Amino acid sequence: MTLRLYDTATGEVRDFQPLREGEVGIYVCGLTVQSEPHVGHVRSAVNFDVLRRWLLARGEKVTFIRNITDIDDKILLKSAAQNRPWFNLAYDMKRELDKAYDALNVLPPTYEPAATGHVPEMVELIEALIERGHAYPAGDGSGDVYFDVRSWPSYGELTHQNVDDMEAAADADPRGKKDPRDFALWKGWKPESEPATASWPSPWGRGRPGWHIECSAMAGKYLGEAFDIHGGGVDLRFPHHENEQAQSRAAGHPFASYWMHNAWITTSGEKMSKSLGNSLVVPEVLKQVRPVELRYYMVAAHYRSTVEFSFEALGEAATSYRRIENFLERAGGFAESGELPAEFAEAMDDDLGTPAAMAAIHNAVREGNKQLAEGDVGAVVTASNVRRMLAVLGLDPADPHWAAGSGAAEGLSNAVDVLVRALLDQRQAARAAKDFAAADAIRDRIAEAGIEIEDTPEGPRWSI
RNA sequence: GGUGGGUUGGCCGAGAGGCGAGGCAACGGACUGCAAAUCCGUCUACACGGGUUCAAAUCCCGUACCCACCUCCA
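Sequential numbering of the first sequence, starting at 45, is according to this note's numbering.
As structure tokens, then:
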């Protein structure tokens, strides 16, 4: 079975063929660390984490680079408004982002380069572009350097656009540009409005990098001039990725072989940033559901489908996930990893068809529940297969990552267990004596504490 | 103006010419002291109008509405 992936550049699902057999290099555009991450932001990370895990499951060696942009206009604006240094804002938000990624069981990248750490690499790339006649320092003394769009005939190729049909920027201050569509590779320092700490020396004077050039430079440094997959959110297709590709290829680098883009999570049909209060910031959402349930919600939809966020749907996803967990617990589940059913593998090979993969999991769960009901020991095998499939999606309930248990939390849960068991013993005694009123009263009291009781052939079980 | 995507049942969310994905909810049955969990069964679909075809949610043409991007937004 070959893996097939949708490639934005060609607009179709293609067989995936890595440049080097058995090795895959992936570059994903991470975030500009300027505010707390919301659920939309982390979807991208979760989606590409699933890609990575699937490649690993297929036996590939994966080098996964995800950058952060820690200097840009918005960071400067926001930090100024908050009256603190830009690097403090960026660092603070990076830590929030790390927490959110970790909470959702997103594997740490092989490396996470930051823009500010790669200015020399960017300068080098810009120099190469100037030498080749694809970039020029602005003629207005601003210290800016622009990419010359007209010098690169295939500009627009990634997003299937014709340069002449593009609208020039609305804020169209052409500054020193030859063509309004030319974009900044390097931005000259403006001493009157920007802190000196946000500027670096360059052959064109002090300044800071343009947005697009950083990814070209960092991808080149860590993955080589040619690599396999470049990913990011759909909004990045243009201009960001179009520009990255133009720059890199104009510099003589083949760059990415496949381009993958994840869709948005919307609210009220619109992109989050438009309507967002802070209610959808990751830590807030995690007050409603467990992290694994949020991840399940995001993985259950195909990565190229827009997800209309709602707490109702999130709650349903949580219920659905608990059904799976419940089965694993009843099966005595935590057997060593099993096999990946063909149904699951085929779904994943088909452009990461997580919805169909999820259906495969649920089918196995139903089968396993039936086996349990019939006393069939095959249930254990089914359970380990279910675990294996979940693990590929980063959703294995037994993954120690989810336990997150501080020693204190664990101690607490042991204490609760002892107390609940004591009550359950009383209830069992009442039931044995056919005093059901008393038995139900005990169950109701436990329920008031938010704990559910289930009677099984092996005795009562409790869960929160 | 250009480019890309969408509209599926009570809800979420797949599929991309025939064989009803899956989940949530609801209803009926089995199990249970009653529940819960589980199993079995049932129900409600493909925006609209044409067309192609033995067969269309799926292909074609048209219409409506929605969303995204068009130079520093995941």
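Each residue gets a CB set at the ideal place from its N, CA and C atoms; glycine is no exception.
Model, not experiment: these values are computed from the prediction.
Spell out the partners DSSP gives residue i in its beta bridges.
| i | result |
| --- | --- |
| Glu498 | Arg505 |
| His305 | Gly276 |
| Tyr50 | Val57 |
| Val72 | Arg110, Gly275 |
| Ala158 | Ile112 |
| Phe353 | DSSP, once it has assigned bridges, lists no residue as partnering Phe353. |
| Asp394 | Arg48 |
| Ala300 | Phe271 |
| Arg64 | Glu67 |
| Val325 | His82 |
So residue i and residue j are in contact, right, with Cβ under 8 Å, and what is the actual spacing, rounded?
| i | j | result |
| --- | --- | --- |
| Phe353 | Thr310 | 7 Å |
| Glu337 | Tyr365 | 5 Å |
| Ala53 | Leu202 | 5 Å |
| Asp393 | Leu47 | 5 Å |
| Pro504 | Leu463 | Not really, about 14 Å apart at Cβ, beyond 8 Å. |
| Pro153 | Phe191 | Actually they are not in contact, since the Cβ atoms of Pro153 and Phe191 sit about 27 Å apart, beyond 8 Å. |
| Gly75 | Leu133 | The identity of residue 75 in the sequence shown is Leu, whereas the question assumes Gly. Leu75 to Leu133, Cβ: 13 Å. No contact. |
| Met316 | Gly84 | 4 Å |
Do residue j and residue i have their beta-carbon atoms positioned less than 8 Å apart in this structure?
| i | j | result |
| --- | --- | --- |
| Val77 | Lys138 | yes |
| Ala159 | Glu258 | yes |
| Arg431 | Ser507 | no |
| His297 | Ala270 | yes |
| Leu439 | Ala375 | no |
| Val333 | His82 | no |
| Phe227 | His256 | yes |
| Tyr341 | Leu330 | no |
| Val72 | Leu148 | no |
| Gly220 | Asp184 | yes |
| Gln470 | Ile486 | yes |
| Arg102 | Leu151 | no |
| Ser312 | Asp272 | no |
Quick one: grab the DSSP three-state call for residue i.
| i | result |
| --- | --- |
| Phe371 | helix |
| His183 | First, the residue type needs correcting, since residue 183 is Gly and not His in the sequence shown. It is coil, neither helix nor strand. |
| Thr310 | strand |
| Val189 | strand |
| Trp248 | coil |
| Leu437 | coil |
| Trp233 | coil |
| Ser450 | Only weak support is given to the placement of Ser450: the predicted model assigns it a pLDDT of 49, under 50, and the value that follows is read from those uncertain coordinates. Three-state DSSP puts Ser450 in coil, outside helix and strand. |
| Glu284 | A small fix is needed here, since residue 284 is His in this sequence, not Glu. In the structure shown, His284 sits in a helix (DSSP, three-state: H, G or I). |
| Asp215 | Legend: pLDDT at Asp215 = 49, less than 50; position of this residue unreliable, value from coordinates given subsequently. Asp215 falls in the coil class under three-state DSSP. |
| Lys105 | strand |
| Ala270 | strand |
| Arg225 | coil |
| His256 | helix |
| Val421 | coil |
Relative to the alpha-carbon of residue i, which residue among the options has its alpha-carbon at the smallest distance?
| i | options | result |
| --- | --- | --- |
| Ala307 | Ala459, Ser88, Gly412 | Ser88 |
| Pro283 | Ile508, Ser237, Val90, Leu229 | Leu229 |
| Val343 | His274, Leu267, Arg281, Phe92 | Phe92 |
| His445 | Ser457, Glu67, Leu49, Lys143 | Lys143 |
| Ala17 | Leu396, Gly254, Ala134, Ala473 | Limits of the chain in this structure are 45 at one end and 508 at the other, which puts residue 17 out of reach. |
| Lys222 | Gly232, Gly249, Val193 | Val193 |
| Phe371 | Asn458, Asn429, Thr241 | Asn429 |
| Leu434 | Ala477, Asp479, Pro385, Arg475 | Pro385 |
| Phe11 | Met304, Ala447, Leu456 | Only positions 45 to 508 of the chain appear in the structure, and residue 11 is not among them; the question remains open. |
| Glu369 | His406, Trp196, Gly84 | His406 |
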